Amino acid sequence: MVNVILKLPDDLSWIINNKEGLKWVEAAVINRLTDIKIGNLLAEKSELQDEDVDEIDHITKRSLYNMIRAE
């Protein structure tokens with residue numbers, strides 16, 4: 015297992031004093047690192063061009079905007 019040192023701002027000191035908070039931070043860090051690893055694996059052999067990524071980005075943002083506006 016790898017040890018990670020995480021520095022938190024003073025206003026988040028409640029996390030350090032709360033074991034449940036530490037478990038939550040640990041789970042969040044592990045989930046984020048897993049997402050990054052999966053993204054890297056998927057992108058490694060991707061044939062997408064920058065223009066394709068931009069188009070997907072605009073389509074996604076437009077869809078999210080329309081969903082939020084409809085609510």
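Be aware that the sequence shown starts at 15, since it is given in my numbering, and climbs by one per residue.
Beta carbons: idealized from backbone N, C-alpha and C, even for Gly.
The model shown is predicted, which means the values in this text are computed figures rather than measured ones.
Can you look up Met81 in the DSSP assignment and give me helix, strand or coil? Here residue 81 corresponds to residue number 67 of the sequence shown, with the count starting at 1. In this structure, Met81 counts as helix in the three-state DSSP scheme.
When the Cα atoms are used, what is the spatial distance from Gly35 to Leu20? The residue labelled residue 35 in the question sits at position 21 within the sequence shown. The residue labelled residue 20 in the question sits at position 6 within the sequence shown. Rounded to the nearest angstrom, the two C-alpha atoms are 13 Å apart.
How many whole angstroms separate the CB atoms of Val18 and Val43, which I take to be in contact at a CB cut-off of 8 Å? By one-based count along the sequence shown, residue 18 stands at place 4. By one-based count along the sequence shown, residue 43 stands at place 29. Contact between Val18 and Val43 holds, since their C-beta atoms are separated by about 7 Å, short of 8 Å.
Measuring only the C-alpha atoms, how far is Ala71 from Lys33? Here residue 71 is taken as the residue at index 57 of the sequence shown, counted from 1. Here residue 33 is taken as the residue at index 19 of the sequence shown, counted from 1. Reading the sequence as shown, one finds Asp at residue 71 and not Ala. Looking at the two C-alpha atoms, the distance is approximately 39 Å.
Which stretch, first to last residue, makes up the alpha helix (DSSP H) that contains Glu34? The count along the sequence shown starts at 1 and reaches residue 34 at position 20. Start and end: Lys33 to Glu58.
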